[in-house]
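What follows is a short report on a single structure.
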Amino acid sequence: MQLSVNHCGLSQGEYMKNFPQRFFIAGTDTNVGKTVVSAVLTHGLDSYYWKPIQSGQADPLSGDEYTDSEFLASTGIERSRILKEQYLLKRPLSPHLSASLENKRISMSDLNLPQIDESKKLIVEGAGGLLVPLNEKDLLIDLISKFAIPVLLVARSALGTINHSLLSLAALRMREIQILGIVMTGAINEENRKAIEHYGKIKVIAQVPILPDFKAETLQNCFKENFNGGENLHGEEKPKNLASVYANAHGGKRP
570 MQLSVNHCGL SQGEYMKNFP QRFFIAGTDT NVGKTVVSAV LTHGLDSYYW
620 KPIQSGQADP LSGDEYTDSE FLASTGIERS RILKEQYLLK RPLSPHLSAS
670 LENKRISMSD LNLPQIDESK KLIVEGAGGL LVPLNEKDLL IDLISKFAIP
720 VLLVARSALG TINHSLLSLA ALRMREIQIL GIVMTGAINE ENRKAIEHYG
770 KIKVIAQVPI LPDFKAETLQ NCFKENFNGG ENLHGEEKPK NLASVYANAH
820 GGKRP
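Listed below in structure tokens is the structure:
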């Protein structure tokens, strides 16, 4: 299944049907915006969220305990829809190393998709890029293969993204993992988007700009603007006015 790029005219309920019931949010690298995209989609699709492996629990600014699940909760998502991590590791390192430093081993047999109501959607977020090691032999992409669910790949819009995106697409295709499309994050870069679509033979289904905050209303408006019934970014040579993404959240004023 491939998501269409332009969903103008679809109601939210109709558009939500275009997403599979279970899918995986993977990144071309670490810190590419997987968790923000996960938050946008969890709000927009009214889904459950699960990050099976959390590597790093400390807020880099305050040092307080702070995980990606905690971030989603801070945006207004009910905690009942945020499922507990299977592995909660302290150090912000590759999962295999973070686990080893705590005398732990990440075991594939411990990682199974949560059993939730089949009518509800589940978003699973990865840790780092596709080829980060989980233990002495398994990589994150092996876990995705085990889950056997489609992948939505998150990529930066900035310099370097073409190489990272094409390599990630090649790795997924080598494993015959279904790819829903790509979501780009950061300042809109039409040339990078065009290159990824052309050379990667894939659709960039959304471009998520830099957001002014992570309030529920901002994330919901981002979903509506970029994933559901908004203008078709691919038909425009000039970037869209980013203020339109969160106009409603700020009373129609530019943030």
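Numbering (the working numbering), first residue to last: 570 to 824. All C-beta atoms, glycine included, are put in the ideal place defined by N, C-alpha and C. A quick note: this is a predicted structure, and the numbers were derived from the prediction, not measured.
Looking at the backbone, the Cα of Glu694 and that of Val752 are separated by about 14 angstroms. In the three-state reduction of the DSSP assignment, Tyr656 falls in the strand class, which pools E and B. Only buried fits Ile594, as 16 or more other CB atoms lie within 10 angstroms of its CB. Residue pairing for Ala775: DSSP places it in a beta bridge opposite Val752. Contact annotation: the stretch 694-711 touches the stretch 661-675, with at least three C-beta pairs closer than 8 angstroms.
A direct Cα-to-Cα measurement between Thr754 and Gln776 gives close to 6 angstroms. Taking the Cα positions, Ile757 is about 11 angstroms away from Lys763. Phe792 carries a helical assignment under DSSP once its states are collapsed to helix, strand and coil. Under DSSP, Ser667 takes part in no beta bridge, so it has no partner. In this structure, the straight-line span from the alpha carbon of Ile685 to that of Arg591 is close to 10 angstroms. If you draw a straight line from the Cα of Ala785 to the Cα of Ile622, it comes to about 24 angstroms.
If you check the CB distance, Leu738 and Thr644 do not come in under 7 angstroms.
Contact between Gly625 and Gly698 is absent: CB atoms are separated by about 15 angstroms, not below the 8 angstroms threshold. Inclusion of Pro664 and Ala696 in the CB contact set at 7 angstroms is warranted, their separation being smaller than that value.
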